[in-house]
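Asks: In order, the protein sequences belong to chains A and R.
Our numbering puts the first sequence at residues 1 to 470.
Our numbering puts the second sequence at residues 471 to 940.
Protein chains: 2
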Amino acid sequence: MRERGFVEPAMNGPVEQLVSCLSPGTVVTDPAIVANYRFDWARDPSAGVPAAVVRARSTADVQTVLRWASENRVPVVPRGAGSSLAGGASGVEGGVTLSLELMRDVSVDVGNRVAVAQAGAITADVKTAAAAHGLWYPPDPSSYEMSSIGGNAATNAGGLCCLKYGVTGDYVLGMEVVLADGRIIRLGGPRLKDVAGLPLLRLFVGSEGTLGVITELTLRLLPPPPAPATLTATFGSVEAAAEAVVAITRQVRPAMLELMDRVAINAVEDLIRMDLDRSSEALLLARSDAPGAAAADELAIIEAACQASGAREVYTTTEQDEGDAFIHARRSALPAMERLGVLLIEDVGVPVPALPELVRGIRGIAEARNTIISVIAHAGDGNTHPVIAYPPGDDEAEARARLAFGDVMMLAIELGGTITGEHGVGRLKTPWLLDQLGHDSMALTRQIKDALDPAHILNPGVMLPEEPSA
Amino acid sequence: MRERGFVEPAMNGPVEQLVSCLSPGTVVTDPAIVANYRFDWARDPSAGVPAAVVRARSTADVQTVLRWASENRVPVVPRGAGSSLAGGASGVEGGVTLSLELMRDVSVDVGNRVAVAQAGAITADVKTAAAAHGLWYPPDPSSYEMSSIGGNAATNAGGLCCLKYGVTGDYVLGMEVVLADGRIIRLGGPRLKDVAGLPLLRLFVGSEGTLGVITELTLRLLPPPPAPATLTATFGSVEAAAEAVVAITRQVRPAMLELMDRVAINAVEDLIRMDLDRSSEALLLARSDAPGAAAADELAIIEAACQASGAREVYTTTEQDEGDAFIHARRSALPAMERLGVLLIEDVGVPVPALPELVRGIRGIAEARNTIISVIAHAGDGNTHPVIAYPPGDDEAEARARLAFGDVMMLAIELGGTITGEHGVGRLKTPWLLDQLGHDSMALTRQIKDALDPAHILNPGVMLPEEPSA
Numbered sequence: 001m002r003e004r005g006f007v008e009p010a011m012n013g014p015v016e017q018l019v020s021c022l023s024p025g026t027v028v029t030d031p032a033i034v035a036n037y038r039f040d041w042a043r044d045p046s047a048g049v050p051a052a053v054v055r056a057r058s059t060a061d062v063q064t065v066l067r068w069a070s071e072n073r074v075p076v077v078p079r080g081a082g083s084s085l086a087g088g089a090s091g092v093e094g095g096v097t098l099s100l101e102l103m104r105d106v107s108v109d110v111g112n113r114v115a116v117a118q119a120g121a122i123t124a125d126v127k128t129a130a131a132a133h134g135l136w137y138p139p140d141p142s143s144y145e146m147s148s149i150g151g152n153a154a155t156n157a158g159g160l161c162c163l164k165y166g167v168t169g170d171y172v173l174g175m176e177v178v179l180a181d182g183r184i185i186r187l188g189g190p191r192l193k194d195v196a197g198l199p200l201l202r203l204f205v206g207s208e209g210t211l212g213v214i215t216e217l218t219l220r221l222l223p224p225p226p227a228p229a230t231l232t233a234t235f236g237s238v239e240a241a242a243e244a245v246v247a248i249t250r251q252v253r254p255a256m257l258e259l260m261d262r263v264a265i266n267a268v269e270d271l272i273r274m275d276l277d278r279s280s281e282a283l284l285l286a287r288s289d290a291p292g293a294a295a296a297d298e299l300a301i302i303e304a305a306c307q308a309s310g311a312r313e314v315y316t317t318t319e320q321d322e323g324d325a326f327i328h329a330r331r332s333a334l335p336a337m338e339r340l341g342v343l344l345i346e347d348v349g350v351p352v353p354a355l356p357e358l359v360r361g362i363r364g365i366a367e368a369r370n371t372i373i374s375v376i377a378h379a380g381d382g383n384t385h386p387v388i389a390y391p392p393g394d395d396e397a398e399a400r401a402r403l404a405f406g407d408v409m410m411l412a413i414e415l416g417g418t419i420t421g422e423h424g425v426g427r428l429k430t431p432w433l434l435d436q437l438g439h440d441s442m443a444l445t446r447q448i449k450d451a452l453d454p455a456h457i458l459n460p461g462v463m464l465p466e467e468p469s470a
Numbered sequence: 471m472r473e474r475g476f477v478e479p480a481m482n483g484p485v486e487q488l489v490s491c492l493s494p495g496t497v498v499t500d501p502a503i504v505a506n507y508r509f510d511w512a513r514d515p516s517a518g519v520p521a522a523v524v525r526a527r528s529t530a531d532v533q534t535v536l537r538w539a540s541e542n543r544v545p546v547v548p549r550g551a552g553s554s555l556a557g558g559a560s561g562v563e564g565g566v567t568l569s570l571e572l573m574r575d576v577s578v579d580v581g582n583r584v585a586v587a588q589a590g591a592i593t594a595d596v597k598t599a600a601a602a603h604g605l606w607y608p609p610d611p612s613s614y615e616m617s618s619i620g621g622n623a624a625t626n627a628g629g630l631c632c633l634k635y636g637v638t639g640d641y642v643l644g645m646e647v648v649l650a651d652g653r654i655i656r657l658g659g660p661r662l663k664d665v666a667g668l669p670l671l672r673l674f675v676g677s678e679g680t681l682g683v684i685t686e687l688t689l690r691l692l693p694p695p696p697a698p699a700t701l702t703a704t705f706g707s708v709e710a711a712a713e714a715v716v717a718i719t720r721q722v723r724p725a726m727l728e729l730m731d732r733v734a735i736n737a738v739e740d741l742i743r744m745d746l747d748r749s750s751e752a753l754l755l756a757r758s759d760a761p762g763a764a765a766a767d768e769l770a771i772i773e774a775a776c777q778a779s780g781a782r783e784v785y786t787t788t789e790q791d792e793g794d795a796f797i798h799a800r801r802s803a804l805p806a807m808e809r810l811g812v813l814l815i816e817d818v819g820v821p822v823p824a825l826p827e828l829v830r831g832i833r834g835i836a837e838a839r840n841t842i843i844s845v846i847a848h849a850g851d852g853n854t855h856p857v858i859a860y861p862p863g864d865d866e867a868e869a870r871a872r873l874a875f876g877d878v879m880m881l882a883i884e885l886g887g888t889i890t891g892e893h894g895v896g897r898l899k900t901p902w903l904l905d906q907l908g909h910d911s912m913a914l915t916r917q918i919k920d921a922l923d924p925a926h927i928l929n930p931g932v933m934l935p936e937e938p939s940a
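1. Quick check on DSSP: helix, strand or coil for R:A697?
2. I'd like to know whether the C-beta of R:G565 is nearer than 9 Å to at least one C-beta of chain A.
3. Which of the three DSSP states is assigned to A:L219 in this structure?
4. With A:A379 and A:L257 assumed to form a contact (beta carbons below 8 Å), what rounded beta-carbon distance in angstroms separates them?
5. Which first and last residues belong to the beta strand (DSSP E) in which R:Y635 is found?
6. Count the other C-beta atoms from every protein chain shown that fall within 10 angstroms of the C-beta of R:G831, then say buried if there are 16 or more, exposed otherwise.
7. What does R:T998 reach in chain A if we use C-beta pairs closer than 9 Å?
8. Give the DSSP-derived three-state secondary structure of A:A119 in the structure shown.
9. Keeping to the same chain, check which residues put their C-beta closer than 8 Å to that of A:Y315; ignore five residues upstream and five downstream.
10. Whose C-alpha, out of R:G863, R:R549, R:A712, R:E768, is nearest the C-alpha of R:L928?
11. Measuring only the C-alpha atoms, how far is R:R801 from R:G561?
12. Look up R:L657 in the DSSP assignment and give the residues it is bridged to.
13. Is the CB-CB distance between R:V523 and R:V504 below 9 Å?
14. Which value, in whole angstroms, describes the spacing of the CA atoms of A:P224 and A:A290?
15. Three Cβ pairs or more, each shorter than 8 Å: is that satisfied between the stretch 186-202 of chain A and the stretch 815-829 of chain R?
16. Measuring only between beta-carbons, confirm whether R:G620 sits less than 9 Å from chain A.
17. Under 7 Å Cβ-Cβ, which residues of chain R neighbour A:I185?
18. Could you tell me whether any non-hydrogen atom of the ligand MN is closer than 8 Å to the CB of R:V683?
19. Given a cut-off of 9 Å on the beta-carbon distance, is the pair A:L428 and A:A86 in contact?
20. Please state whether the Cβ-Cβ distance between R:G565 and R:A521 is less than 9 Å.
21. In three-state terms, what does DSSP make of A:M256?
22. State yes or no: is the beta carbon of A:L179 nearer than 9 Å to at least one beta carbon in chain R?
23. Going by DSSP in three states, R:H909 sits in which element: helix, strand or coil?
24. Taking CB distances under 9 Å as the criterion, tell me whether A:R191 reaches chain R.
25. For the 8 Å Cβ check, are there 3 or more pairs between the stretch 391-403 of chain A and the stretch 637-656 of chain R?
26. Among R:T854, R:A838, R:E783, R:N840, which one has its Cα closest to the Cα of R:D817?
27. Can you name the residues that DSSP bridges to A:S99?
28. Name the chain A residues that come within less than 8 Å of R:Q721, Cβ to Cβ?
29. Does any C-beta atom of chain A lie closer than 9 Å to the C-beta of R:A869?
30. Note the first and the last residue of the continuous beta strand (DSSP E) segment covering R:L769.
31. In angstroms with no decimal places, state the Cα-to-Cα distance between R:V477 and R:E486.
32. Going along chain R, which residues have a C-beta under 8 Å from A:E422?
33. Does any residue of chain R bring its CB to less than 9 Å from the CB of A:V7?
34. When the Cα of A:Q63 is compared with those of A:S441, A:G166, A:L100, which residue comes out closest?
35. Taking A:E71 as the reference, which of A:R339, A:S280, A:A180 has the closest Cα?
36. Mind checking which residues open and close the alpha helix (DSSP H) that includes A:I362?
This is the structure:
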C-alpha cells in the first residue's frame, strides 16, 4: 500500500525550506492574506485554510514548489483566478495553494495565428490581445472577464459560443505543464494537426489540476466571425422553450442559444432594467453569425421553430448594440440572482432531446425539497445551470438546498446526462462522480492518477475522494 | 524490472486454449489466411507473421482475447480494415491479430443526432447511414471508403474537410473500449458537453490501439452543409502555391484547401484524364460551403490571394458535379501514383507559414538523395503527404528512399512540425517519435502505457520501441 499521509498543518520546517528556495515575497504565510485563498467562487464551507500561498512568478517557481511538495508530501492546490464554481481551487487544510495570478503574459503570433498565454492571464486579456491583431479567440465562459486561461484549460471551460465554436480544449494547440515531481513538459505547438504519440495534451485539458500544473498555453485563433443577428422569444412555460430548443438544433447550429426562466428574467430586470417581459415563464436568446443574408434565413428557421412551440412573442434585431444588450442581460443572470440568497450553482447537462424532461424533473425536485431552483442554460448543447437559492443563515433551508443539489445531479445521470458540462467536478461534485462514471472508469481514473501523481499531492479531493492519512 | 518476455511463435498450447473459448471459426490459424493479415497498407517489410488471427464478432470476443493474451503475455495487434499507412496494424511475429472487420453494425439515433457504430464499420457506411436520415458525419479521410471507423478513431484520422470541420476526435462523443486486462469500459455518451472526470475518452482517441481496443463509437452528427462552390488554381511553382495557402488561411477558413504538385497532377491525368494542366508545377483546390452568396465572396478572396501569389490560371464553378470531379481527382492522387513505383507515404505537418520552406526543403532532400518525392497536401492545415517513389526490386533506390523518408520527418521537426498529422506513428515512424517529443514526453508516454497495459501486450512496437524479451 502506497503511503499518502500528508504532513500536519503546522509544517514550519518544510515551509521555511520552501521560503528559502524562492524569491522574497513569493511564499505568503500571513494569515490575513492566506485567508483570501481559502475559498473560490463555490464558497464550499468545507474548504480548508492553506498553510501557505505561493504566488509563482515563473515556471521555475512552479517546479520548485512541486519538487518540494513531492518530497515533503504536501498537498498542492493550483489556482488561477479562483473563480471555480465547483470548489476546484478551494483550499486544503495545511496544504499549499499555488497561485498563478502573477503569471499573465500574453503574446500573439500573427503568422501562426496563435496566442501564447501564461496560465494566470485573464481570458478577456487573451481575447483582447487577439482582437488587437484582427484575430479572434472564440471561447467565452460567462466568467471570461474574471477567470484565468489556465483555469479555463484545466476545466475545459465552455461558454455561450461553444454550441457552434466548441469549448476551450478545441483551441488548445500546445501547453507547458509541470508534473507532480517537478518535470516540465512541453506538449503540442502551433500545429493544427498532430497525432504523434499518445494524446498527452488532451489528457491535461480538463484534468482540473489533478495531474499537473499548466503554466503556459498555445491557443488557436480564428479570423473574426461576421456580425451576428439576434433573436429573443418568450414562452408560457420552460418546457415549451425547451421543446423549441430541440426543434431548432435539429435544423441549424446557431452561434448562441441560451435560456432563462422567470426567476432569472426577473432577477436580471431588477438589476439592469431591460424591459424584459416579467410575466413570461422563459426567454430564449439566439444568435446567428452566418454570413450575409444567411443570418436572416437562419433566424427565420429559429423563429418558426419558436412559433411552432407556442412562443408568446418573438423579436429579432440586426442592431449589434441591441443584441449585445440582451447577451449582457443573459451574462448578468448569475450575479443578478445573488440577491435571492445564497446560491448553489449546478452545471448538469443532458442530451438535447432530454431537456424538457430535465426541466420538468427540476421543478419536481424544487417542490419536493421546498426550495427555489431557477434554470438558466446554454440550452443549445443541453448544458443547464439550475441555480438553487436559500436565505443566508437558515440552516434548514440550506440542508434542503444541499439535498436538492444532489437530486438534480442524480436526475441528470438518470437522463443519460452529466453532473458537469463545463465547470468541472471540483471538490463539490466529487461525491457524485462515481454515480455517473461507474466503478470501472473510477478505477481507470485512479490508475492514471497513481501513474502521474503517485503521492496524490495535486488537488487532493478533486475527482477522487480523499483517503484518510496512512 | 517488469517482465515483458513474449511467448515464442510456436504457442500451440495457448492458442488451442483460445480456440476453445470462442465460437468455431473465430480463431484462424490457416497460414494462407493468416498471411493476409501480415501487412497493412504501409507494407512494412519488417511486419511479422501472426500465429493466429481472431475475427471477433462481439465485444465479449474481444474481452476473451485480451484476458487470454494478458494471462499468456501474447502480443495483440488490433486491426480494423488494415488500411494503416503507418504500419499501425501490421502483424507481430507470433502474436495475435485481433480483427474487428466483422463488427460493423451502424445505427443512427436521430433524436440525439448521433451514430452508434461498431469499430469495424467502414467509415463510408457511417456517412451513408447518417445521410439516410438527412444528417452528416463530416470526417472524410481519403481512405473513407475502405478504412474502418474504429481505425479512424484510433488514429484520430483527419481528411480533406478538417480544415473547417475538424478531425475524427471532434466527433467522438462516446466509446466502448476493452482494456488490456479485459475490462470493458464505457466512456462519454450522446452529450455535447461533459467534463465529469479525467478526459479518459480523449486519451483513447489517437492512442493507436496501444492502450485498449475500441469496440464501439458514439459519433456526433451535424445538419448537412450547403452545397459547395469549387476553385482550382495552377501555379508555376509549388512554393507560389504554398504562399497562396498562407495568404488564404490568414483571411478565410475554406471547407477544403488541397495541393498537388506536377508529379501528382500528371499521375492523376494519366489515370483519369481530367484535362488538368500537365505543365503547371502545382494545383490548388479550394472549396467554400458558406451559405448563399457568401460562398462566392469567400472564393473571391481565395482567388485574389491566388492571383497575388502569381497563379497562372484560376477557375471557379458552382456546378456540384464538376467540383466533385476535381475532388475525385485529388482523392485519386495516391492510387494514381502507385504506377510510379513502390511508394513511401509521408504525413508530415508544419505550422502553415512554414509550408513554403517545407516544400523547398523537400526538393532539396529529393535532390540530395537522388529520389522522386511528389507533394500532395491538405495544405490549409499544413499537413502534407510527400510521396517517395522508387522502382520495385532496386535495393539501392529503396535504401535512398528510406533515408529520404527519415530526412523529411527530421525537416518537419526542425520547422516546428510533426512527423504525423493524421496517419499515426505506427511501427514505421516510431524510431522518429523521440526526435519530435523529447525524452520527458516519451517517459510520460511510458508511464501511461505501464499503467494501462503493464505487460505491453497491446500493439507492441507502436509509439514505444519494442524492448528485447526479458
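All C-beta atoms, glycine included, are put in the ideal place defined by N, C-alpha and C.
Quantities reported herein were computed from a predicted structural model and do not represent experimental measurements.
Replies: This is what the structure gives:
1. coil
2. no
3. strand
4. 5 Å
5. That residue, R:Y635, is in no beta strand (DSSP E); its alpha helix (DSSP H) goes 632-635.
6. buried
7. It is not possible to answer for residue 998 of chain R, since the shown part of chain R is limited to 471 through 940.
8. coil
9. L231, T232, A233
10. R:R549
11. 27 Å
12. R:M645
13. A contact, by the Cβ cut-off of 9 Å.
14. When rounded, the distance between both Cα atoms is 12 Å.
15. yes
16. no
17. D910, S911, L914
18. With respect to the ligand MN, the structure shown offers nothing to examine, as it has no ligands at all.
19. A contact, by the Cβ cut-off of 9 Å.
20. yes
21. strand
22. yes
23. helix
24. yes
25. no
26. Measuring from the Cα of R:D817, the nearest candidate turns out to be R:T854.
27. A:R55, A:R79
28. Within chain A, the residues near R:Q721 are P223.
29. no
30. That residue, R:L769, is in no beta strand (DSSP E); its alpha helix (DSSP H) goes 764-778.
31. At R:V477, the pLDDT of 45 sits below 50, so the modelled position is not reliable; the number obtained from the coordinates is stated separately. Each residue's alpha carbon lies about 14 Å from the other.
32. K663, V665
33. Caution applies to A:V7, whose pLDDT of 45 falls short of 50 and renders its modelled position unreliable; the model cannot decide the point.
34. For the residues A:S441, A:G166, A:L100, the minimum Cα distance to A:Q63 belongs to A:L100.
35. Minimum Cα distance to A:E71 is reached at A:A180.
36. Annotation for A:I362: the continuous alpha helix (DSSP H) segment containing it runs 355-369.
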